[in-house]
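> Here it is, the structure in full.
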Amino acid sequence: MTSPHAGAARPYLFNDRTVEGYRRAMAAATERVADRIRRADRPFSGVSPERLTPEIAAIDLERPLHDHAAALDELERVYLRDAVYFHHPRYLAHLNCPVVIPALLGEAVLSAVNSSLDTWDQSAGGTLIERRLIEWTAGRIGFGPAADGVFTSGGTQSNLHALLLAREEVRTNAGAVPSRLRVITSEAGHFSVRKAANLLGLGPDAVVTVETDDERRMRPAALARELGRCRRAGLVVMAVVATAGTTDFGSIDPLPEIASLCRSAGVWLHVDAAYGCGLLVSRRRRHLLAGIERADSVTVDFHKSFFQPVSSSALLVRDGAVLRHAAHHADYLNPRRMAERGIPNQVDKSLQTTRRFDALKLWLTLRVMGPDAVGELFDEVVDRAAASYALVAADPRFEVVTRSPLSTLVFRYLPQEGPGRKLADDANLYAREALAASGEAVVAGTTVDGRHHLKLTLLNPETTLDDVAHVLDLLAGHAQRYVDDLAPVADHSEVTHVHS
Ligand SMILES: *Cc1c(COP(=O)(O)O)cnc(C)c1O
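The sequence shown begins at 3 in my numbering and counts up by one.
In structure tokens:
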């Protein structure tokens, strides 16, 4: 090995003397991705971890290639070729959206300029742009002039942040001990609520789930009962977390009723709109979020229903003063005197210190396309989900759980009466895996009332009803093949043996 002569690394530094190299490297990367996207005839290659692990393990990280093109060739082989492509119309699995080009423009700019949105002296205009977007989002929610917030890495962080603020409000006002604190959410609420409670040092019983109705929305009567039970037991409910767009069912909890119950009980209301936030820009469905303006805090994930690349998310609060609970003044970074001089910073409001300028992606999206255009894209997928529901509901091969006001579809393949029926759970599980391995489409799965189900999450306006119909046929085919192969066995033995 020859050791590189002094200064050989300098051309890799991005500066005034290397901009030509930067242009060429970025153009080459853009070309690779464009080519991949143009040629992707399926959302996934179906690659297994077994095949990819040794390829990645074999790369010697001590031996650099010294060449952008060579590194991109290698990347083609270990990543680009087998990546899961969310832009493909038959990617129907999780809450990943295809992204809009203005946001990609933002991504390119923000990583190159590399502002850090903690203090003014590391971001200047970036701080103000983020603040305008927070104001804009708060306005869409219907919060008043006292509202504030901050961009976060995702819904998980936003939920944690909201619950931290709620806990501090309770601690300063009621002085309750952590083991007496409770958070109420619905059975269909997101698991990050539990994670947050854990991180906040609440007890193992801190999160109480209340039942949902047939459409998987929190039952206000059940919430009222639980609030009463906690009060009588001397427990302090520090927050109710309502979900505007549950991850599995896209259901929206009845926000006005929940807000009224929280108001009379004096409890913090957090609305987790990680998924449903796209309705904020819908001209046809904004009413589905009615009541959100009565929340104390709201989670929005722009990387779910605003067609933004990961990450782009925010926490909004009705009263900006509560953000002080997460503030810390460090002499080296954000001493009190800076705030007193009116120099804006975002670190006083954030759980993070160094933080990406993710807001820039939304900024360019709004400046190029405008909010109505984003809402239109989301409305289209919601329309498509409604049509897909009708399709599955009318199909005797499947049973469907509920009709989502957003864009998910939870259903299962139901083998015909007879010995095959017993195999339904495994057949659905198998169908999903077989479909992913074929790469023809990617769908998700979940458990509903203890049974394995299949889930489509539609977030791509390019997905047609024909795509959905085709995927349903593929799933039914895989599931039925599984049943046909194993039904004779199941006839004679217990279902639990089918895996052997
Ligand atoms: C996705 C989701 C989250 C978590 O958001 P991340 O951005 O993945 O961290 C929280 N709540 C709901 C309802 C979600 O759908």
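Heads up, the beta-carbon is just placed ideally off N, CA and C, and yes, glycines get one too.
Predicted model only: the values in this text are computed from it and were never measured.
Taking 7 Å as the cut-off, is the beta-carbon of A276 closer than that to any non-hydrogen atom of ligand 1?
Yes, the beta carbon of A276 sits closer than 7 Å to at least one heavy atom of ligand 1.
> Among F413, L408, E382, which has the Cα closest to the Cα of L393?
For L393, the nearest C-alpha among the options comes from F413.
> Is the beta carbon of D120 sitting closer than 8 Å to the one on V349?
Yes; because the gap between Cβ atoms is below 8 Å, this pair is in contact.
> Could you work out which residue in V238, P206, D250, M240 is closest to R218 when comparing CA atoms only?
Comparing Cα positions, the closest option is D250.
> Starting from L460, trace the beta strand (DSSP E) both ways and give me its first and last residue.
It is not in any beta strand (DSSP E) - L460 carries neither H nor E in the DSSP assignment.
> Is any non-hydrogen atom of ligand 1 found closer than 7 Å to the C-beta of K306, if you look at the structure I gave you?
It does: the Cβ of K306 is within 7 Å (strictly closer) of some heavy atom of ligand 1.
> In the structure shown, what three-state DSSP assignment does T404 receive?
Three-state result, T404: coil.
> Under 7 Å from any heavy atom of ligand 1, does the C-beta of N161 make it?
Checking every heavy atom of ligand 1 against the Cβ of N161, one is found closer than 7 Å.
> Return helix, strand or coil for I61, following the three-state DSSP convention.
Reduced to three states, the DSSP call for I61 is coil.
> Can you have a look at Y81 and say buried or exposed, based on whether 16 or more other CB atoms are within 10 angstroms of its CB?
Y81 is exposed by the Cβ-count criterion.
> So V209 is in the beta strand (DSSP E); what residue range does that whole segment cover?
That run of the beta strand (DSSP E) goes 209-212.
> Rounded to a whole number of angstroms, what is the C-alpha to C-alpha distance between R405 and A438?
Near 25 Å, if we compare the C-alpha coordinates of A438 and R405.
> So for A241, helix, strand or coil by DSSP?
Looking at A241 - three-state DSSP - the assignment turns out to be strand.
> My understanding is that L460 touches R386, with C-beta atoms under 8 Å, so please give their C-beta distance in whole angstroms.
Confirmed, about 5 Å.
> Is G422 near ligand 1, judged by its Cβ being under 7 Å from some heavy atom?
Incorrect: G422 has no Cβ contact closer than 7 Å to ligand 1.
> Can we say the region 166-181 touches the region 197-216, given the rule of at least three CB pairs closer than 8 Å?
Yes, the region 166-181 is in contact with the region 197-216.
> Just grab the DSSP bridge partners of Y93 for me.
Y93 is bridged to V444.
> Does the distance from the CB of A267 to the CB of A246 come in under 8 Å?
Contact flag unset, no.
> Any heavy atom of ligand 1 closer than 7 Å to the Cβ of D428?
It does not: the Cβ of D428 is nowhere closer than 7 Å to a heavy atom of ligand 1.
> Is the region 427-442 close to the region 230-242, with three or more CB pairs under 8 Å?
Verdict: no, contact absent.
> Pull up the distance between the alpha-carbon of P13 and that of A114, whole angstroms please.
Roughly 16 Å separates the two Cα atoms.
> Just to confirm, is the Cβ distance from E132 to A341 under 8 Å?
In this structure, A341 does not lie closer than 8 Å to E132 by Cβ.
> Evaluate the contact criterion for the region 414-428 versus the region 46-56: three or more CB pairs, one atom per stretch, below 8 Å.
Judged by Cβ distances under 8 Å, the region 414-428 makes no contact with the region 46-56, as fewer than three pairs qualify.
> Do F145 and L318 have their CB atoms nearer than 8 Å?
Taking 8 Å as the Cβ cut-off, F145 and L318 qualify as a contacting pair.
> Enumerated in chain order, which unbroken segments of the beta strand (DSSP E) with a length of 3 residues or greater are wholly contained in the region 272-310?
The qualifying runs are 299-303.
> How many angstroms separate the CA atom of V497 from the CA atom of G452?
Note that V497 scores a pLDDT of 47, beneath 50, so its modelled location is shaky and nothing firm can be said.
> Quick one: Cα of E228 to Cα of A443, how far?
Roughly 42 Å between the two C-alpha positions.
> Can you tell me whether S315 sits near ligand 1, meaning its C-beta is under 7 Å from at least one heavy atom of the ligand?
Flag set: Cβ of S315 near ligand 1.
> For V376, which option in R399, T20, R357, F304 has the closest C-alpha, if you only look at C-alpha atoms?
Here the closest residue by C-alpha is F304.
> Please determine whether the Cβ atom of D360 lies at a distance below 7 Å from any heavy atom of ligand 1.
It does not: the Cβ of D360 is nowhere closer than 7 Å to a heavy atom of ligand 1.
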